[in-house]
Amino acid sequence: MFSILIFLIIFINSVISSHDHQKPPLPVIIDTDGDTDDFLAILYALKSRELDVRGVTYQGDGWSHAASAQNIVDIIDDIYPGKNLPVILGANYDLFESDRNPKTLGSPGCFYQKSVSENARRDTDLLYGLNRQLRLSKRIWYDALVGFNITKNFADLIDSTIKQTGKKPTIIATGPVTNIATFLRAFPTYTKRIEKIVWMGGAIDVPGNLFTVPNNTRAEFNVYLDCVAAQELLASDLNILLVPLDFTNKTPLNPGFFDKLSKLTSFYGKFTYKLLSTARAASFGSDSAFYNAYFLWDPKAVAVVKNIGISKIVSNRKLAVTCEGKENIDGQFVSSQILTKANFEVAIDALVSNPVEDSPFFNDFLDVINKD
Ligand SMILES: *[C@@H]1O[C@H](CO)[C@@H](O)[C@H](O)[C@H]1NC(C)=O
Ligand SMILES: *[C@@H]1O[C@H](CO)[C@@H](O)[C@H](O)[C@H]1NC(C)=O
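Now the structure itself:
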């Protein structure tokens, strides 16, 4: 009898694990700043069956103006038809500036935001004009503008996620974390209602990427663009998993990747090929400059959340973020005396194949966006 019971338990267990792929998807909220790779990260998340995207919050203090939220509405309504997922507009200015100079925002201040040129924002706002080739939604994002309140809307989104899924949401942050820091100032106890925040940001043991602020060699844009928000995030009791440049650098784009991408047959596979080909041609001077400077940073944070075995996670780092209003040193992760909390983790090592375009991240990304 006893052995039959054991057998039964083992049998049931193996049935459950063989149906693992059918387990309910992970509820996520994406907080974005609208660069091309943020757009691709949202596309990848929407099309990944492991994830249940509950809404997108948008900030205009990064790589695009927040009006390009319309692009996100278009892909959400196409991929999740009828769901009317919230796409919520948040901060337009970094906290350093809005705390100190609330009356003069945008002129002449906001030096962090000046590190992104208006030409870059022009390109990303309209996805180089390719956004007209998306399957356009009837939902006009402007209609949602009335009554936007990032703190209240964020809280409502978290509450409805818990109510409807029985799970706390994971937040995937792909830009500066102004919205999240602003939200936590208003609702500090909500850290307990968030499973984890996975943030593409920072450069730990590798150079930064502020090509427009060449004297600042160690900062990464998402941290630099709102270093006050970064400090507040680190000081909170949120579970944080950082996906820094150390990780994203390991799987660069190359001609082999473009070759694979060019062969995709789905609507979004072809769209992604056009988008990345245009970015390569338009913004970097030469192909080799593009391959050195442009990475699929944010889709890699999505892949880390999907937990498909592409990363090695480490914790117990002693790190702090610099933020003094000095462009040459701000936004850097530096050593600190204090051990960063146990709930701060870093994805440091990526699984890389040879050739690199065969790495698990690329295989999954291409596979998912090529699904019709
Ligand atoms: C946003 O919502 C919060 C929480 O309900 C409220 O305290 C705050 O006053 C609202 N802000 C605006 C600008 O309406
Ligand atoms: C950057 O560094 C160079 C060389 O040290 C210096 O001449 C220049 O003034 C610096 N620029 C800024 C904006 O600090």
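Residues -17 to -1, 1 to 355 (mature numbering (1 follows the signal peptide of the UniProt record, and there is no 0)) are what the sequence shown spells out, left to right.
Glycine included, every Cβ here is placed at the ideal spot set by N, Cα and C.
Predicted model, so just to flag it, every value in this text is computed and none were measured.
Counting only beta-carbon distances shorter than 6 Å to the non-hydrogen atoms of ligand 2, the qualifying residues in chain order are N198, N311. N132 has its Cβ nearer than 7 Å to a heavy atom of ligand 1. Around the C-beta of K30, 16 or more other C-beta atoms lie within 10 Å, and the residue is accordingly described as buried. The beta carbons of A333 and K233 sit about 4 Å from each other, so the pair counts as a contact at 8 Å.
By DSSP's assignment, F327 forms a beta bridge with I223.
Taking C-alpha positions only, A49 is separated from G43 by approximately 4 Å. Taking 8 Å as the upper bound for CB-CB distance, L193 and Q96 are not in contact here, some 13 Å apart.
Inter-segment contact for the stretch 179 to 198 and the stretch 33 to 40 is absent: fewer than three beta-carbon pairs are separated by less than 8 Å. For A169, the shortest C-beta to heavy atom distance toward ligand 1 is below 7 Å. Between ligand 1 and K289, a heavy atom-to-CB distance of less than 7 Å is absent.
S336 counts as exposed, since fewer than 16 other beta carbons sit within 10 angstroms of its beta carbon.
Taking C-alpha positions only, Q116 is separated from A218 by approximately 43 Å.
Under the DSSP assignment, D35 falls in the beta strand (DSSP E) whose first and last residues are 34 to 41.
In the three-state DSSP reduction, I12 falls in the strand class (E or B).
Distances from the CA of N132 to each of K86, T153, L72, R176 were compared; the closest alpha carbon is that of L72. Here DSSP, grouped into helix, strand and coil, assigns K295 to strand. Collapsing the DSSP output to three states places V317 in a strand. About 6 Å separates the CB atoms of P282 and F348; that is less than 8 Å, so the two are in contact.
Proximity of the stretch 133 to 152 to the stretch 248 to 264 falls short of the contact definition, fewer than three beta-carbon pairs being nearer than 8 Å. DSSP places K179 within a strand segment (E or B) once states are collapsed to three.
With a threshold of 7 Å, the Cβ atom of K135 counts as near ligand 1, since some heavy atom of the ligand is closer than that.
An exposed status is given to S269, since fewer than 16 other beta-carbon atoms sit within 10 Å of its beta-carbon.
DSSP, read as helix, strand or coil, puts I154 in strand.
In this structure, V287 lies away from V339, with their beta-carbon atoms at least 8 Å apart. Non-local C-beta neighbours of K354 in its own chain, meaning closer than 8 Å and more than five positions away in sequence, comprise K30, S249, ordered along the chain.
Inclusion of T107 and D18 in the CB contact set at 8 Å is warranted, their separation being smaller than that value. The criterion of a C-beta distance shorter than 8 Å is satisfied by I13 and I155. In the three-state reduction of the DSSP assignment, V335 falls in the coil class. Of the other Cβ atoms in all chains shown, fewer than 16 fall within 10 Å of the Cβ of K175; this residue is therefore exposed. C93 and R118 have their alpha carbons spaced roughly 35 Å apart. Shortest Cα-Cα distance from I59 to any of A28, P238, R83, L78 involves A28. In this structure, N198 lies away from N326, with their beta-carbon atoms at least 8 Å apart.
Per DSSP, L279 is not a residue of any beta strand (DSSP E), being assigned neither H nor E.
With contacts defined by Cβ atoms closer than 8 Å, D313 and A202 form a contacting pair. E178 and L88 have their alpha carbons spaced roughly 33 Å apart.
Going by C-alpha positions, L258 is about 26 Å away from K66.
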